[in-house]
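**Student:** Numbering (the UniProt record's numbering), first residue to last: 1 to 490.
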Ligand SMILES: O=C(O)CCC(=O)C(=O)O
Ligand SMILES: [Fe+2]
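1. Taking a contact to mean a Cβ-Cβ separation below 8 Å, would you say residue 379 touches residue 316 in this structure?
2. Helix, strand or coil: how does DSSP classify residue 325 here?
3. Pop quiz: residue 329 and residue 432 are said to be a contact at Cβ under 8 Å. What is the actual Cβ separation, rounded to whole angstroms?
4. So what does DSSP say about residue 446, is it helix, strand or coil?
5. Measure the C-alpha to C-alpha separation of residue 297 and residue 270 and round it to an integer number of angstroms.
6. Quick one, are the C-beta atoms of residue 357 and residue 417 less than 8 Å apart?
7. For residue 360, which of 176, 465 and 322 has the nearest alpha-carbon?
8. Assign residue 210 to one of three DSSP states: helix, strand, or coil.
9. Could you check what DSSP says for residue 473 in three-state terms: helix, strand or coil?
10. With DSSP as the reference, please indicate the residues paired to residue 311 in a beta bridge.
11. Per DSSP, what kind of secondary structure is residue 481 in: helix, strand or coil?
12. Taking only beta-carbon positions, decide if residue 148 is within less than 8 Å of chain C.
13. Taking residue 410 as the reference, which of 372, 308, 245 and 313 has the closest Cα?
14. Just the Cα atoms here: how many angstroms apart are residue 306 and residue 349?
15. Going by DSSP in three states, residue 453 sits in which element: helix, strand or coil?
16. Is the stretch 418-429 close to the stretch 201-208, with three or more CB pairs under 8 Å?
17. Run the CB neighbour count on residue 481, radius 10 Å, all protein chains shown included, and call it buried at 16 or more, exposed below.
18. Report, in whole angstroms, the separation of the C-beta atoms of residue 346 and residue 318, which I expect to be a contact under 8 Å.
19. When you measure from the CB of residue 283 to every non-hydrogen atom of ligand 1, does any distance come out below 7 Å?
20. Touching or not, the stretch 274-294 and the stretch 248-264, by the rule of three or more beta carbon pairs under 8 Å?
21. Taking the C-alpha atoms as reference points, what is the distance between residue 56 and residue 419?
22. What is the rounded straight-line gap between the Cα of residue 476 and the Cα of residue 485?
23. Excluding sequence positions up to five away, which residues of its chain have a Cβ less than 6 Å from the Cβ of residue 162?
24. With DSSP collapsed to three states, give me the class of residue 282.
25. Just to confirm my understanding: we take residue 206, look at its own chain, exclude 5 residues before and 5 after, and list those with CB closer than 6 Å. What are they?
26. In this structure, how does DSSP classify residue 163 when only helix, strand and coil are distinguished?
27. Is the CB-CB distance between residue 282 and residue 403 below 8 Å?
28. What residue from 239, 453 and 293 has the CA that sits closest to residue 189's CA?
29. Taking the alpha helix (DSSP H) that residue 176 belongs to, which residues open and close that run?
30. Put residue 441 into one of helix, strand or coil per three-state DSSP.
31. Assuming residue 344 is part of the beta strand (DSSP E), what are its boundary residues?
32. Please report the straight-line C-alpha distance between residue 327 and residue 335, rounded to a whole angstrom.
33. DSSP three-state label for residue 362, please.
34. If we call anything under 8 Å between Cβ atoms a contact, is residue 353 one with residue 142?
35. Say the cut is 7 Å; is the CB of residue 401 nearer than that to a heavy atom of ligand 1?
36. Going by DSSP, which residues form a beta bridge with residue 496?
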């Protein structure tokens, strides 16, 4: 395995990208760079060993069997990550799309399609080790104390988000809360493979599509099947009437906020008053009590495309929505990541604007305590909230979250590359190696690289493949002005 972390993700991912995904070419380039750099023979031997470990089937120390089902804690209350944890959040929810995919130096061992057989016996590659989403920075510069952003002004000043309090009419907010709580009785806890363990998300979740029956083709249904970690899920539900009502109000605010931003990123969907942002899917989460959580992640970009805008509605008890920037490698010695805590109250909307998924990770951390939520309106009709639902998820200590999202027509399911495992790949930003220095944040994000990668490892007993391809918007015919894209899909 890679012992020398100075060579790890940044160099390896870069070399792999430069080598067009060929592991052998990347390895050769790294080795020869190392030789030219005149390092000591000790270091050379060590690097050679590290690299060798990277491209050979080395058993990870500490791997256990048999496979276990585990519910994992995702972050400590102070905001630091628990090392070794790999939360996968929805949609992206992923990453592992959402996810902080595991501890340093670990990952599913995967077959290498490009393996040069002269590299004797090098038939397996712990590729996810180096291609996993980069973990949040933890070292070097002094740690910063988490900062609470208690007002919309502070949120807008310090993060790529905006916070909108009392977004819905109070009666609708309560009605939607009760309707979703009732639904949540049938939501499930997602599961994925973390190395050799099957882990379970510590909250309930489900996926909804808007006007499902009206979709002219099956593309949205297909995309919706893979909304979570590249794992085929049951068919999504249609938006409830209450969700539709709320969504129409939320869309108005989202569009106003996007237009206020001014210059959009080149690869993001070019929203205009004539072609507004329109949610076509929603992921819903339910957290009961203070210990149900979602771990640090950024949302999976596969169907959202680069720099998405995501509108996240909070209903019920107040929880903390925590954001932390992923500091680029090139800056990690100068500064550490700042953690921001945003209390998200009942009926508040957090809009994660373009670049949030590329530059920050977010989490709902566990809390010591939570406030009891006292709804201003009772359930609409007697018996509306069936006993089972209120038993499992008491309304006073539950939080419902709905993230309204726009699946882009130019990232439709039929256009997503499939990996060697035959399942849709996941689109990941190169968060840690984004350019920095004298260029503006806008330029940093605009120059960001993205990769299509195998994601079956998280769902296929830890086995994935080495598929790796750089996103090339032009060559792949993506972008809202691409001729193949129908704007009516927006
Ligand atoms: O519950 C929340 O506010 C966050 C949910 C989330 O991150 C997601 O659905 O991707
Ligand atoms: Fe998320």
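Heads up, the beta-carbon is just placed ideally off N, CA and C, and yes, glycines get one too.
Bear in mind the structure is a predicted one, so any value in this text is a computation, not a measurement.
**Tutor:** Short version:
1. no
2. strand
3. 5 Å
4. helix
5. 25 Å
6. no
7. 322
8. coil
9. coil
10. 351 and 404
11. coil
12. Absence of chain C from the displayed structure is noted, only one protein chain being present.
13. 308
14. 22 Å
15. strand
16. no
17. exposed
18. 7 Å
19. yes
20. yes
21. Low local confidence applies: a pLDDT of 29 at residue 56 is under 50, so the model's placement there is unreliable, and no value is given.
22. 12 Å
23. 156, 257 and 351
24. strand
25. 187 and 284
26. strand
27. yes
28. 293
29. 170-184
30. helix
31. 339-344
32. 8 Å
33. strand
34. no
35. yes
36. Residue coverage of the chain in this structure runs from 1 to 490, which leaves residue 496 outside it and unanswerable.
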